[in-house]
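2 protein chains.
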Amino acid sequence: MELAFGKMGGLIPTVIQDERSGEVLMLGFMNEEALRATRESDEVHFFSRSRNKLWKKGETSGHVLKVKDVRIDCDADAILVRVEAIGPGVCHEGYRTCFFRRLGRDGTAVVAEEQTFSVEDVYGKGAE
Amino acid sequence: MELAFGKMGGLIPTVIQDERSGEVLMLGFMNEEALRATRESDEVHFFSRSRNKLWKKGETSGHVLKVKDVRIDCDADAILVRVEAIGPGVCHEGYRTCFFRRLGRDGTAVVAEEQTFSVEDVYGKGAE
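Right, here's the structure in full:
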């Protein structure tokens, strides 16, 4: 079964789920190189669209994602990686999950989770 | 907070998670119309890239996805919808989740879940 990297210009949307809690932590994109690096290191790598390069999740924060299980969907155009998330959270805004905002019916987004770490402590002063 | 529909030509990758079990069921794409239809009906709609049109999940099978919670990620370029999944499964191949194949280290994919319904019974004879 060939992964459908061609559908989105070489990228496949990849869901990261905490293996123990079941919480969906983030969504990123893998290209073939990122998938290879992920399998070889057992730590999640993505292709960063904004920086246009391979990106190991946690390379700055230390909050790496240890691979426990890799699934592909029926059309082989989406990946699900179940992980052990090292550290207090994956989100650069200081939350366990990047999906910490609830979208209301009126289109407004409100924070629905507790912050779990200090952004300044982890990413340095002046970090967003 | 504006959703970043512009990043991917009007589409936002959307993760569907079973609210009770935590299982990740599928990944689809929403455009603004699909998100609006989802909010108005409380049933998940996607934009079908292959058919190039709005698509209500379950319109053929009856296996609709009832919206329980909608989250957006920190960059507002991914959506997570927690749902009550009506029926025995969301996958057109007869499984509870579309992520029923495990990807091995050698790149081979093997079925890792039990089939939960007959594709022929639900989608009709000759259906894939």
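Protein chains in written order, with my numbering: chain A, 1 to 128; chain B, 1001 to 1128.
For glycine and all other residues, C-beta sits at the position ideal for the given N, C-alpha and C.
Notebook entry, point to check: Are the C-beta of L80/A and some C-beta of chain B separated by less than 8 Å?
Noted result: Judged by the 8 Å Cβ criterion, L80/A is in contact with chain B.
Check: Is it true that the region 1034-1048 of chain B meets the region 1058-1069 of chain B, where meeting means three or more beta-carbon pairs spaced less than 8 Å apart?
Finding: Yes: at least three Cβ pairs fall under 8 Å.
Notebook entry, point to check: Going along the region 59-88 of chain A in order, which residues come within less than 8 Å of chain B, judged by CB to CB distance?
Noted result: Identification of residues in the region 59-88 of chain A having a C-beta nearer than 8 Å to some C-beta of chain B yields D69, V70, R71, I72, D73, C74, D75, A76, A78, I79 and L80, given in sequence order.
Note to self: Quick check on DSSP: helix, strand or coil for R57/A?
What the structure shows: Per the sequence shown, residue 57/A should be read as Lys rather than Arg. Coil at K57/A, not helix or strand.
Next item on the list: Just tell me which of R1036/B, E1032/B and D1073/B has its CA closest to the CA of V110/A.
Entry: Of R1036/B, E1032/B and D1073/B, the residue nearest in Cα terms is D1073/B.
Notebook entry, point to check: Does the beta carbon of R1051/B sit closer than 8 Å to a beta carbon anywhere in chain C?
Noted result: Looking at the structure shown, chain C is missing, and the protein chains on hand are A and B.
Check: Which runs of the beta strand (DSSP E), 3 residues or longer, sit entirely within the region 1007-1072 of chain B?
Finding: As far as the region 1007-1072 of chain B is concerned, its whole beta strand (DSSP E) runs of at least 3 residues are 1012-1018, 1024-1030, 1045-1048, 1053-1056 and 1065-1072.
Notebook entry, point to check: What is the rounded straight-line gap between the Cα of L1054/B and the Cα of S1048/B?
Noted result: Rounded to the nearest angstrom, the two C-alpha atoms are 6 Å apart.
Next item on the list: Quick one: grab the DSSP three-state call for E113/A.
Entry: Coil at E113/A, not helix or strand.
Next item on the list: Establish whether the CB of F99/A and some CB of chain B are separated by less than 8 Å.
Entry: Yes, F99/A counts as interfacial toward chain B.
Notebook entry, point to check: In whole angstroms, what is the alpha-carbon distance linking E128/A and V90/A?
Noted result: Any reading at E128/A must be qualified, since the residue scores a pLDDT of 47, below 50, and its modelled position is unreliable; the value itself is stated next. Taking the straight line joining both Cα atoms gives about 14 Å.
Notebook entry, point to check: Assuming I16/A contacts V83/A under a Cβ cut-off of 8 Å, what Cβ separation, rounded to an integer in Å, is found between them?
Noted result: About 6 Å separates the CB atoms of I16/A and V83/A; that is less than 8 Å, so the two are in contact.
Checklist line | Cα-Cα separation between D1075/B and V81/A, rounded to whole angstroms | finding: Rounded to the nearest whole angstrom, the CA to CA distance from D1075/B to V81/A is 20 Å.
Check: Any idea what DSSP makes of V1122/B, helix, strand or coil?
Finding: The answer is helix: DSSP assigns V1122/B an H, G or I state.
Check: Which one or two residues does DSSP pair with I86/A in a beta bridge?
Finding: Note: I86/A sits in no beta bridge, so no partner.
Margin query: In the DSSP output, what is L1080/B paired with across the bridge?
Written below: DSSP lists V1015/B and R1071/B as partners of L1080/B.
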